[in-house]
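Q: As they're listed, the protein sequences go chains A and B. Residue numbering for the first sequence follows the UniProt record's numbering, starting at 1 and increasing by one per position. Residue numbering for the second sequence follows the UniProt record's numbering, starting at 1 and increasing by one per position. No residue lacks a Cβ here, since even glycine has one placed at the ideal position from N, Cα and C. Note that this is a predicted model, so its numbers are computed, not measured.
Number of protein chains: 2
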Amino acid sequence: MTLPDPTDPDLPAAATPTAIAEWVADVLRDRIVKGEIAPGGRLVERKISAELNLSRTPVREALKLLRNDGLIEISRNKGAVVTAYGAQEALDLFEVIAALESLSAGRLARAAGAAEMEELEELHDRMLVFHKIGNHTDYFDTNSAIHDLIVERAGNPVIQATHRRLIARARRGRYLAIMDPARLRQAVEEHCILMEALRARDAGAAEAVWRRHLAHTGESVAALLDPALHG
Amino acid sequence: MTLPDPTDPDLPAAATPTAIAEWVADVLRDRIVKGEIAPGGRLVERKISAELNLSRTPVREALKLLRNDGLIEISRNKGAVVTAYGAQEALDLFEVIAALESLSAGRLARAAGAAEMEELEELHDRMLVFHKIGNHTDYFDTNSAIHDLIVERAGNPVIQATHRRLIARARRGRYLAIMDPARLRQAVEEHCILMEALRARDAGAAEAVWRRHLAHTGESVAALLDPALHG
DNA sequence: CGCTGCGATATGGGATGCCATTCTGCCCGG
DNA sequence: CCGGGCAGAATGGCATCCCATATCGCAGCG
Chain A
1 MTLPDPTDPD LPAAATPTAI AEWVADVLRD RIVKGEIAPG GRLVERKISA
51 ELNLSRTPVR EALKLLRNDG LIEISRNKGA VVTAYGAQEA LDLFEVIAAL
101 ESLSAGRLAR AAGAAEMEEL EELHDRMLVF HKIGNHTDYF DTNSAIHDLI
151 VERAGNPVIQ ATHRRLIARA RRGRYLAIMD PARLRQAVEE HCILMEALRA
201 RDAGAAEAVW RRHLAHTGES VAALLDPALH G
Chain B
1 MTLPDPTDPD LPAAATPTAI AEWVADVLRD RIVKGEIAPG GRLVERKISA
51 ELNLSRTPVR EALKLLRNDG LIEISRNKGA VVTAYGAQEA LDLFEVIAAL
101 ESLSAGRLAR AAGAAEMEEL EELHDRMLVF HKIGNHTDYF DTNSAIHDLI
151 VERAGNPVIQ ATHRRLIARA RRGRYLAIMD PARLRQAVEE HCILMEALRA
201 RDAGAAEAVW RRHLAHTGES VAALLDPALH G
């Protein structure tokens, strides 16, 4: 699998004095999120350490980090396997993300300063452009950046840390399929409503629309993961 | 080596074939939550491994677990230090816990079966008795059990996992001081209101009271941590 | 022909040693 | 008397070895 450029230029040998384990985790997380390693796929410490030209120790730590993100499960003497990702998991996940992000949106509506609003407006405009010209990749990236920024600028580090732990799993759905155009339009509309609520400092409206937005997103991802399900 | 320290009867040498790291994490977590290791206190891998008669490897893993719980911070060449725990952290923490538990309470109000309600009623009654007779320790334990049960029975594993990660830090406040009797009465009242809402299957009321309950708790803990602050 | 038991292999967990970095304290020069 | 630099100690990270256990295949017996 993905062999082995022994001369891997990204090897952090000199680049990163520490945190090799986190680099390994990033590599593996990417593969899992992008679906290169399918659910049920095995991650064996010795294989990975050989492939990346490292010892098992940082790989072990990286696997623990991924387990912590809920991306894999580790069983003794059986290796790590990528967790399943089905409709139910997506709904569960987005329910929690909705709670965290709507909390953030409400906090922002109450306390956002001019600088924060400026950042948001700028990203929002950019996203609208990408949507209009049909650039899906940049649209999604900007969209994600908006969500992350809302959480970050809400000013509660606990929300941010908790959100970060969940977002990798949530975005596993992004690479599965193209989203329904009708849902795309609805999502953009919800983003616009949020911006209106923030400009009006209407915390209740901001929370409500954002919770709804993320519930819709969760349902869309769930529908993609299980076409038989429609709820 | 693994020579059983005669002074430490809890050594899991034979008791636990695996998961020594988790046992170490439990030991250290207990000490931190109970305040035996003060904020800013240092946890040195070699010291701990010597004290517990094991190698650095499981200790190292345990420290990573604690970092993950947000109880310590690890810096290279400086060791792990217990994170500060002040009024602001408590408020931030309980804001997130309130979001998670109120979500759970709402789900329970909509979907709880007879068995779940029975469990809750039983614990609730027990808590009322402990409160009435002034048994603070058992009151707190039963109270915590109710909160945990609500999250557990809500049927969303993501909520449960996320909640578990936050609760250790939240409960660091429990050992700081005795809570204001007026706040105790208010807390009991809020528990009663929640039970009423659950019995009536009123999800909105359940969410509202539980969010309020946890906001109040956060404010109480924050006030204990910083008597100058009163929000 | 099928079932049981034993051994080989795979795999994660723990122990241990070495290394790089950073912090501390002392000594020397100004 | 004070400041800068240097040496040694402290400390976490990585590499490597050994071990316990679970899994799988094969052989031998019923």
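Can you have a look at residue 18 (chain A) and say buried or exposed, based on whether 16 or more other CB atoms are within 10 angstroms of its CB?
A: The residue given as residue 18 (chain A) occupies position 18 in the first sequence. With fewer than 16 Cβ atoms within 10 Å of its Cβ, residue 18 (chain A) is classed as exposed.
Q: Run the CB neighbour count on residue 220 (chain B), radius 10 Å, all protein chains shown included, and call it buried at 16 or more, exposed below.
A: Position 220 of the second sequence holds residue 220 (chain B). Classification of residue 220 (chain B): buried, given that the 10 Å Cβ count is 16 or more.
Q: So, is residue 58 (chain B) buried or exposed, given that buried needs 16 or more other C-beta atoms within 10 angstroms?
A: In the second sequence, counting from the first residue as 1, residue 58 (chain B) sits at position 58. By the 10 Å Cβ count, residue 58 (chain B) comes out buried.
Q: Is residue 66 (chain A) near residue 21 (chain A), with beta carbons less than 8 Å apart?
A: Here the question's residue 66 (chain A) lines up with position 66 in the first sequence. Here the question's residue 21 (chain A) lines up with position 21 in the first sequence. No, the pair does not count as a contact, with Cβ atoms beyond the cut-off.
Q: What is the DSSP secondary structure of residue 201 (chain B), reduced to helix, strand or coil?
A: To locate residue 201 (chain B), count along the second sequence from 1; it is residue 201. It is coil, neither helix nor strand.
Q: So which residues of chain A does residue 99 (chain B) contact, with C-beta pairs closer than 7 Å?
A: Taking the second sequence and counting its residues from 1, one reaches residue 99 (chain B) at position 99. Those are 99, 100, 103, listed as they occur along chain A.
Q: Quick one: Cα of residue 154 (chain A) to Cα of residue 192 (chain B), how far?
A: The residue labelled residue 154 (chain A) in the question sits at position 154 within the first sequence. The residue labelled residue 192 (chain B) in the question sits at position 192 within the second sequence. Going from the Cα of residue 154 (chain A) to the Cα of residue 192 (chain B) covers about 32 Å.
Q: Taking C-beta to C-beta, are residue 43 (chain B) and residue 80 (chain B) nearer than 8 Å?
A: Locating residue 43 (chain B) in the second sequence gives position 43, counting from the first residue. Locating residue 80 (chain B) in the second sequence gives position 80, counting from the first residue. Cβ distance < 8 Å, so residue 43 (chain B) and residue 80 (chain B) count as in contact.
Q: Please list the terminal residues of the continuous beta strand (DSSP E) segment that includes residue 81 (chain A).
A: The count along the first sequence starts at 1 and reaches residue 81 (chain A) at position 81. Unbroken beta strand (DSSP E) run through residue 81 (chain A): 79 to 82.
Q: Output yes if chain B places a C-beta closer than 8 Å to the C-beta of residue 26 (chain A); else output no.
A: As a first step, residue 26 (chain A) must be located in the first sequence, where it is residue number 26. Not closer than 8 Å to any Cβ of chain B, the Cβ of residue 26 (chain A) fails to qualify, so no.
Q: Let me know if residue 151 (chain B) comes out buried or exposed under the rule of 16 or more other beta-carbons within 10 Å of its beta-carbon.
A: Position 151 of the second sequence, counted from the start, is the residue given in the question as residue 151 (chain B). Buried is the call here.
Q: What residue range does the alpha helix (DSSP H) around residue 150 (chain B) cover?
A: For the purposes of this step, residue 150 (chain B) is identified with residue 150 of the second sequence, where counting begins at 1. Where residue 150 (chain B) is concerned, the enclosing alpha helix (DSSP H) stretches over 136 to 153.
Q: Relative to chain A, which residues along the UniProt domain "HTH gntR-type" (18 to 85) of chain B have a C-beta separation below 8 Å, given in chain order?
A: Answer in chain order: 18, 61, 64, 68, 70, 76.
Q: For residue 103 (chain A), which three-state DSSP category applies?
A: Translated into positions along the first sequence, residue 103 (chain A) becomes position 103. Helix, per DSSP.
Q: Sort out for me which residues DSSP pairs residue 239 (chain A) with in a bridge.
A: In the structure as shown, chain A starts at 1 and stops at 231, and residue 239 (chain A) therefore has no counterpart that could be examined.
Q: What first and last residue would you give for the alpha helix (DSSP H) that runs through residue 233 (chain B)?
A: Outside the shown range of chain B, which is 1 to 231, sits residue 233 (chain B), and nothing can be said about it.
Q: Using the Cβ count rule (16 or more neighbours within 10 Å means buried), how would you classify residue 75 (chain B)?
A: Counting from one through the second sequence, the residue named residue 75 (chain B) turns up at place 75. Looking at its Cβ environment, which holds fewer than 16 other Cβ atoms inside 10 Å, residue 75 (chain B) is exposed.
Q: Does the beta carbon of residue 207 (chain A) sit closer than 8 Å to a beta carbon anywhere in chain B?
A: Residue mapping note: residue 207 (chain A) aligns to position 207 of the first sequence, counting from 1. Residue 207 (chain A) does not count as touching chain B.
Q: Quick one: Cα of residue 186 (chain B) to Cα of residue 217 (chain B), how far?
A: Residue mapping note: residue 186 (chain B) aligns to position 186 of the second sequence, counting from 1. Residue mapping note: residue 217 (chain B) aligns to position 217 of the second sequence, counting from 1. Using only the alpha carbons, I get a separation of about 10 Å.
Q: Using a Cβ cut-off of 8 Å, which residues of the segment 141 to 169 of chain A contact any Cβ in chain B, in chain order?
A: Residues passing the 8 Å Cβ filter: 156, 157, 158, 159, 161, 162, 165, 166.
Q: Listing by chain order, which chain B residues have their CB less than 9 Å from the CB of residue 121 (chain A)?
A: Position 121 of the first sequence, counted from the start, is the residue given in the question as residue 121 (chain A). By Cβ distance, chain B contributes nothing, its closest Cβ being about 26 Å from residue 121 (chain A), past 9 Å.
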